[in-house]
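For reference, the structure is listed below as C-alpha cells.
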Amino acid sequence: MNNFEFKNPTKIIFGKDTIAQLKNEIPADAKVLLLYGGGSIKKNGIYNQVKTALTNVDVTEFGGIPANPDYDTLMKALKIIKTENVSYLLAVGGGSVIDGTKFLAAAALYEGHEPWTILKDNIRTEKGMPFGTVLTLPATGSEMNSGAVITRAERKEKFAMGGPGLFPQFSILDPTVIKSIPQRQLANGLADAFTHVLEQYMTYPIDAKLQDRFAESILQTLIEIAPTILKEKFDYKAASNFMWSCTMALNGLIQKGVPTDWAIHAMGHELTALYGIDHARTLAIITESHYNYNFEDKKEKLAQYGERVWGITEGNIDDKAYAAIKKTTVFFKSLDIDTKLSDYTDDYEGTAEEIAKRFTNRGWLGLGEHQSLAPEKVEKIVKMAY
Numbered sequence: 000m001n002n003f004e005f006k007n008p009t010k011i012i013f014g015k016d017t018i019a020q021l022k023n024e025i026p027a028d029a030k031v032l033l034l035y036g037g038g039s040i041k042k043n044g045i046y047n048q049v050k051t052a053l054t055n056v057d058v059t060e061f062g063g064i065p066a067n068p069d070y071d072t073l074m075k076a077l078k079i080i081k082t083e084n085v086s087y088l089l090a091v092g093g094g095s096v097i098d099g100t101k102f103l104a105a106a107a108l109y110e111g112h113e114p115w116t117i118l119k120d121n122i123r124t125e126k127g128m129p130f131g132t133v134l135t136l137p138a139t140g141s142e143m144n145s146g147a148v149i150t151r152a153e154r155k156e157k158f159a160m161g162g163p164g165l166f167p168q169f170s171i172l173d174p175t176v177i178k179s180i181p182q183r184q185l186a187n188g189l190a191d192a193f194t195h196v197l198e199q200y201m202t203y204p205i206d207a208k209l210q211d212r213f214a215e216s217i218l219q220t221l222i223e224i225a226p227t228i229l230k231e232k233f234d235y236k237a238a239s240n241f242m243w244s245c246t247m248a249l250n251g252l253i254q255k256g257v258p259t260d261w262a263i264h265a266m267g268h269e270l271t272a273l274y275g276i277d278h279a280r281t282l283a284i285i286t287e288s289h290y291n292y293n294f295e296d297k298k299e300k301l302a303q304y305g306e307r308v309w310g311i312t313e314g315n316i317d318d319k320a321y322a323a324i325k326k327t328t329v330f331f332k333s334l335d336i337d338t339k340l341s342d343y344t345d346d347y348e349g350t351a352e353e354i355a356k357r358f359t360n361r362g363w364l365g366l367g368e369h370q371s372l373a374p375e376k377v378e379k380i381v382k383m384a385y
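Numbering (numbering that gives the first Met the number 0), first residue to last: 0 to 385.
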C-alpha cells in the first residue's frame, strides 16, 4: 500500500427528518445564499423544510443551476454574493448544485482577474467561502469531498477543480428525498457511483486488502439494491444504502494508498461537453472500451473484481477478466443505460479526433494510473465506444 494522508472535515447528518437540523449548523448571524437547481425542491417539499429551518436566518436565493453547472449561470450567482455581502452558501440539490456551490466558494475569495482561470488552470483552492449542503440526489459524492466539475456551455468545455478549502462544513442526507426522484436520475446515480468506485479500484494489485474490500462492498451493495431503487414503490432501507454508498464511493476513503485511474471520467466529460449527454451515461459509454483497450494492464484486478463482485469462477485470469467487463456492461443495461455513443447521436464521426486534439492542446499527454494514455490512445478508446 502506498503512503497517504487522509482528512475529511465534513460533518454528515444522516437519516429521516434531519433537514430541520439546519438551524443548528449555520451561524445565526450569517448572510446566506441558498442555491438550488430547476425548482423541483419547491414541488417535493424540501424547499419548505429548508425555509422553515432557516426562519431566523437572513437568506437570499439563487435558483436555476443546470444539470451540468454552467459557468455563465454561476457568474450571475457570484455577482449576488458580492453585492449582497453573502457570508455563507447553502447548496440544496444534487451533485451539480453542490459542484456549482464549490466553484462559487472558490470564486468568491479568488484574487485573480477571471474566475475561469480557476478551472482552466486547475488552481487548487486552499480556502473557500464556508458552505453546507442538503443532498437531494445521491450520485456524485460531492456532499463529502472537495472536488467539482464545471461546464462552460458556450465553449463546449468541462473542467474539474478542487482543493482542501472546498469540503462542505456539513451535509444533510435524508434518504426520504429519493421518493420524488425520476427513475432516469436514479439510474444515473447508480451508474455514477458504480463508476466512481471502478476508477479507484480497477488499476493493478498493490496489496491494499482493506481498500479493495471497501470498494468491492460498495459495488456489491449498488448491484444488490439497484432493482429495488428503480421500482416505483419507495423502500427506505434500500434508499439509505443507496445514499450512503454514493457518498462513500467518492469521499476519499477508498482511494487512499492505492493507484487511481480517472481516464474514463476525462473522456466522459468531453462527451458531455460536446453532446450534452448525462454524465453517468458518458461513463457507461467509455467503460467497456477503456477496459478492453487496457486489458493487459488491468486484467489482474478485472479478474479479482469478476470473482469477488460477480461470482465468476470459471476459466483462467483472462477469461474471468473478459467476463467481468461483459457483466459491467450488462449491469449498465439493466439500469436502462445505453453503452455506445451511437445510441445517443448520429453525429459522432470525428469525436475521437476532437477529444484527442483537446487533450493535446491542454497538455494532457498521459492519463490513467500509469500516465500512459497519450491522446492517440484516447482517440482509439473513444472510437471503440462508437
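Quick reminder that beta carbons are idealized off the backbone N, C-alpha and C, glycines included.
Residue burial annotation: S341 is exposed, with fewer than 16 other C-beta atoms found within 10 angstroms of its C-beta.
In the structure shown, A159 adopts extended strand secondary structure according to DSSP, grouped into three states.
Nearest in C-alpha terms to I122, of all of P163, Y385 and R307, is P163.
The C-beta distance from A190 to A279 rounds to 4 Å, short enough to fall under 8 Å.
The segment 40-53 and the segment 8-28 touch, with three or more beta-carbon pairs separated by less than 8 Å. Of the residues assessed, D120 falls on the exposed side of the cut-off, its CB having fewer than 16 other CB atoms within 10 angstroms.
Within the segment 72-103, the complete beta strand (DSSP E) segments at least 3 residues long are 87-92, listed from N- to C-terminus. Collapsing the DSSP output to three states places G188 in a helix. Between the alpha carbons of T259 and A192 lies a distance of about 15 Å. Within the same chain, and ignoring the five residues on either side of A373 in sequence, the residues whose Cβ sits closer than 7 Å to its Cβ are L364 and G365. Assignment of K10 by DSSP, reduced to helix, strand and coil, places it in the strand class. Counting of Cβ neighbours within 10 angstroms places Q210 among the buried residues, the total reaching 16 or more. Between L34 and A76, the gap from beta carbon to beta carbon is short of 9 Å. About 4 Å separates the beta carbons of S170 and E142, which is inside the 8 Å limit, making them a contact pair. Note on the segment 11-72: whole beta strand (DSSP E) runs with a minimum of 3 residues are 30-34 and 57-61, in chain order. Shown here for T220: same chain residues with a beta carbon closer than 6 Å to its own, the five before and five after excluded, namely N240 and S244 in chain order.
Boundaries of the alpha helix (DSSP H) around R307: F294 to W309. The segment 98-111 and the segment 51-60 do not touch, with fewer than three beta-carbon pairs separated by less than 8 Å.
Taking 9 Å as the cut-off, the beta carbon of I253 is found closer than this to the beta carbon of I217.
Counting along the chain, G314 sits inside no beta strand (DSSP E), nor does DSSP assign it H or E at all. When rounded, the separation of the alpha-carbon atoms in Y321 and K208 is 23 Å.
Counting only unbroken stretches of 4 or more residues, the alpha helix (DSSP H) elements lying wholly within the segment 217-266 are 235-248, in sequence order. Every alpha helix (DSSP H) of 4 residues or more that sits fully in the segment 115-169 is shown, in chain order, as 115-119. Exclusion of the five residues before and after K319 leaves A302, G305, E306 and I311 as the residues of its chain whose Cβ lies within less than 7 Å of its Cβ. Using a Cβ distance threshold of 9 Å, L249 and G267 do not count as a contacting pair. The C-alpha of E198 lies about 32 Å from the C-alpha of G38. Taking the C-beta atoms as reference points, K255 is found nearer than 9 Å to F3. Taking the Cβ atoms as the reference, D335 lies roughly 10 Å from N187, outside the contact range of under 8 Å. By the beta-carbon neighbour count (other beta carbons within 10 angstroms, threshold 16), G93 is buried. Pairing I324 with T202, the inter-Cα distance amounts to about 14 Å. Within the same chain, Cβ atoms closer than 7 Å to the Cβ of T135 are found at I40, I45, V91, G92, G93 and V176, the five residues on either side in sequence being excluded. The Cβ atoms of L118 and I149 lie closer than 9 Å to each other. Inter-residue distance for V377 and T82 is about 44 Å (C-alpha atoms, whole angstroms). Nearest in C-alpha terms to A262, of all of V85, S86, Y290 and E215, is Y290. Excluding residues up to 5 positions away in sequence, K298, E299 and A302 lie with their Cβ nearer than 8 Å to the Cβ of I316 in the same chain.
Secondary structure note for T359: its alpha helix (DSSP H) is the uninterrupted segment T350 to R361.
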